[in-house]
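Written out below as structure tokens is the structure these notes cover.
Chains as they are written, first to last, in this note's numbering: chain G, 1 to 246; chain Y, 247 to 559.
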């Protein structure tokens, strides 16, 4: 089977968020980029498990420039067979999904996996957009996936619980916690990743549907108001009269 | 301006975040709501209270298959000449809005937290709540999905007319085999008040007082990641970056230190109360109110105080 996993980079979770150019650009100065955790821990590892059990190949795909190759090699070190980089700077979800869908269509993949969202823009858009471009079913927020021949059974997040669904191949799934366990690349994987094929293709869509015009940081939080642990009536009164939440 | 808003009326119930979406849409123009399934007309007509003048309902299919809903909303948008389609950024909205964006070639602005500014940009949450961005759609048609609890629901009066229509939804290819949803619980993403606890509770047998507090307040219960990982509590209660991201009006964190990954999923809460024995716990920096004390002593006192308050109000 042919599995495609969409990979993007994201600033490390502990990154201090700041903006430059009159608050129009994310300040990348000193930022450490990692493989977006949902893409790596859940989507990629699930892809590897599927191929380990059923045979086939895992290909990663990324919209990015040469600077993204370090994160692509990291995904190859975890175990993907090969990688595709679409040579463009990712500007919005619509552009990323359109570029990936174009390449994915030619590859005839059985399952396309994405992380549930990136930890920087949190849009949760790309997977469903790829599915629509390819006219494929989409399962959002998958927490488990079992394959039986040509049919997959998935558990997914539902409001206040878990839903079980069944879908035939091919389909697109966004992966949430529970889908797989994080794997740490070993030295052999890291060495092998250096020579695995990384194909660069030129973008063909080149259009965005949205523009991030400017950014802002939230107003700094005022200091915490400490309440005497023996005076919970005071806390309740503050929640009622001051915060007006109860 | 014609605005279409998608409503999830499954189970003959309309969630509060759908009323928020109608309230939001009403601020943008004339509102038509669209939904599917078997909900009673009386329930659908209620959408008029928040500003919808009409509800289009496709009774030919039930459920939340996003491909069917996408086709139905696109048909409705065409029918009413909608310039903007509004969704709640909930589980269904997250899956449908992006599909519709491709189908309608309409720019999607997701995680919106407010109405468009004078320059047409919409404020959205980015970097897991650590910043805002102002985003513009470059397309003539737009889709906005509104984060739950971003704006207060406003009643403007009125009753919506109901019109049955054929949304050309087509077949579903995602077959639902079952839903496991605990009865009686308040679904976390919809909850206005949330009581959450972490490893400080020492074990699952101590959750009784957390449930007592939640019950006294009418709140949902939640937990931190280590608690869900240890199977002390079900996974759907795990809030934080890798679990459910929530933005209730009140978040009470008990015995949770406040790691950055936890904060990323709850920092949109309007008011945060932290109860912890460790006065250096990072969560106190994000809290509005803090209690430095032992949860086993503080929480029962808080339960009594809440009960006393409720009895006298």
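We put the beta carbon where it would ideally sit given N, CA and C, even for glycine.
How many Å lie between residue i and residue j at the Cα?
| i | j | result |
| --- | --- | --- |
| residue 242 of chain G | residue 535 of chain Y | 11 Å |
| residue 492 of chain Y | residue 103 of chain G | 35 Å |
| residue 257 of chain Y | residue 108 of chain G | 38 Å |
| residue 28 of chain G | residue 12 of chain G | 11 Å |
| residue 359 of chain Y | residue 327 of chain Y | 25 Å |
| residue 452 of chain Y | residue 511 of chain Y | 24 Å |
| residue 123 of chain G | residue 478 of chain Y | 31 Å |
| residue 508 of chain Y | residue 37 of chain G | 15 Å |
| residue 227 of chain G | residue 547 of chain Y | 13 Å |
| residue 230 of chain G | residue 544 of chain Y | 7 Å |
| residue 407 of chain Y | residue 185 of chain G | 59 Å |
| residue 140 of chain G | residue 116 of chain G | 7 Å |
| residue 541 of chain Y | residue 549 of chain Y | 12 Å |
| residue 446 of chain Y | residue 503 of chain Y | 8 Å |
| residue 315 of chain Y | residue 385 of chain Y | 22 Å |
| residue 342 of chain Y | residue 71 of chain G | 30 Å |
Take the Cβ of residue i as the centre, count every other Cβ of all protein chains shown within 10 Å, and call the residue buried at 16 or more, exposed below.
| i | result |
| --- | --- |
| residue 487 of chain Y | buried |
| residue 311 of chain Y | buried |
| residue 591 of chain Y | Since the first and last residues shown for chain Y are 247 and 559, residue 591 of chain Y lies out of range. |
| residue 179 of chain G | buried |
| residue 322 of chain Y | buried |
| residue 120 of chain G | buried |
| residue 170 of chain G | buried |
| residue 191 of chain G | exposed |
| residue 402 of chain Y | exposed |
| residue 187 of chain G | exposed |
| residue 297 of chain Y | buried |
| residue 462 of chain Y | buried |
| residue 260 of chain Y | buried |
| residue 85 of chain G | buried |
| residue 255 of chain Y | buried |
| residue 194 of chain G | exposed |
| residue 425 of chain Y | exposed |
| residue 82 of chain G | exposed |
Compare the C-beta of residue i with all C-beta atoms of chain G and state if any pair is closer than 7 Å.
| i | result |
| --- | --- |
| residue 258 of chain Y | no |
| residue 384 of chain Y | yes |
| residue 276 of chain Y | no |
| residue 488 of chain Y | yes |
| residue 504 of chain Y | no |
| residue 303 of chain Y | no |
| residue 555 of chain Y | yes |
| residue 539 of chain Y | yes |
| residue 544 of chain Y | yes |
| residue 536 of chain Y | yes |
| residue 357 of chain Y | yes |
Are the C-beta of residue i and some C-beta of chain Y separated by less than 7 Å?
| i | result |
| --- | --- |
| residue 144 of chain G | no |
| residue 8 of chain G | no |
| residue 30 of chain G | no |
| residue 211 of chain G | yes |
| residue 132 of chain G | yes |
Just the chain Y side, please: which residues come within less than 9 Å of residue i by C-beta, in chain order?
| i | result |
| --- | --- |
| residue 216 of chain G | 369, 377, 378, 379 and 380 |
What does residue i touch in chain G if you count any residue whose Cβ is under 9 Å from its own?
| i | result |
| --- | --- |
| residue 532 of chain Y | 221 and 224 |
| residue 431 of chain Y | 160 and 161 |
| residue 495 of chain Y | 243, 244, 245 and 246 |
| residue 290 of chain Y | The premise fails here: residue 290 of chain Y is roughly 19 Å from chain G at the closest Cβ pair, so nothing lies under 9 Å. |
| residue 299 of chain Y | Those do not exist, as residue 299 of chain Y stays about 27 Å from chain G at its closest Cβ, beyond 9 Å. |
Listing by chain order, which chain Y residues have their CB less than 7 Å from the CB of residue i?
| i | result |
| --- | --- |
| residue 137 of chain G | 313, 419 and 420 |
What does residue i touch in chain G if you count any residue whose Cβ is under 7 Å from its own?
| i | result |
| --- | --- |
| residue 481 of chain Y | 178 |
| residue 435 of chain Y | 159 |
| residue 372 of chain Y | 120, 121 and 122 |
Using the beta-carbon of each residue, which ones in chain G are nearer than 8 Å to residue i?
| i | result |
| --- | --- |
| residue 547 of chain Y | 229, 230 and 232 |
| residue 517 of chain Y | 239, 243 and 245 |
| residue 551 of chain Y | 232, 233, 235 and 236 |
| residue 428 of chain Y | 160 and 161 |
| residue 463 of chain Y | 246 |
| residue 316 of chain Y | 132 |
Please list, in chain order, the chain Y residues whose beta carbon lies closer than 8 Å to that of residue i.
| i | result |
| --- | --- |
| residue 140 of chain G | 312, 337, 340 and 341 |
| residue 94 of chain G | 347, 348, 353 and 354 |
Along the segment 11-23 of chain G, where does the CB come closer than 7 Å to a CB of chain Y? Name the residues.
13, 14 and 17
Please name the residues in the segment 108-129 of chain G whose beta-carbon is closer than 8 Å to at least one beta-carbon of chain Y, in chain order.
119, 120, 121, 122, 123, 124, 125, 126, 127, 128 and 129
Could you name the residues of the segment 157-171 of chain G whose beta carbon sits closer than 9 Å to any beta carbon of chain Y, in the order they occur along the chain?
157, 158, 159, 160, 161, 162, 163, 164, 165, 166, 167, 168 and 171
Residues of the segment 68-88 of chain G with a CB closer than 9 Å to any CB of chain Y: list them in chain order, please.
none
Short-range partners of chain G found in the segment 339-354 of chain Y, where Cβ spacing is below 9 Å:
340, 341, 342, 343, 344, 345, 346, 347, 348, 349, 351, 352, 353 and 354
With 8 Å as the C-beta to C-beta threshold (strictly closer), list the residues of the segment 397-426 of chain Y near chain G in chain order.
419, 420, 421, 422, 423, 424, 425 and 426
Name, going along the chain, the residues of the segment 51-69 of chain G whose beta-carbon falls closer than 7 Å to a beta-carbon of chain Y.
none
Chain Y contacts made by the segment 191-210 of chain G, where a contact means CB separation under 8 Å:
208, 209 and 210
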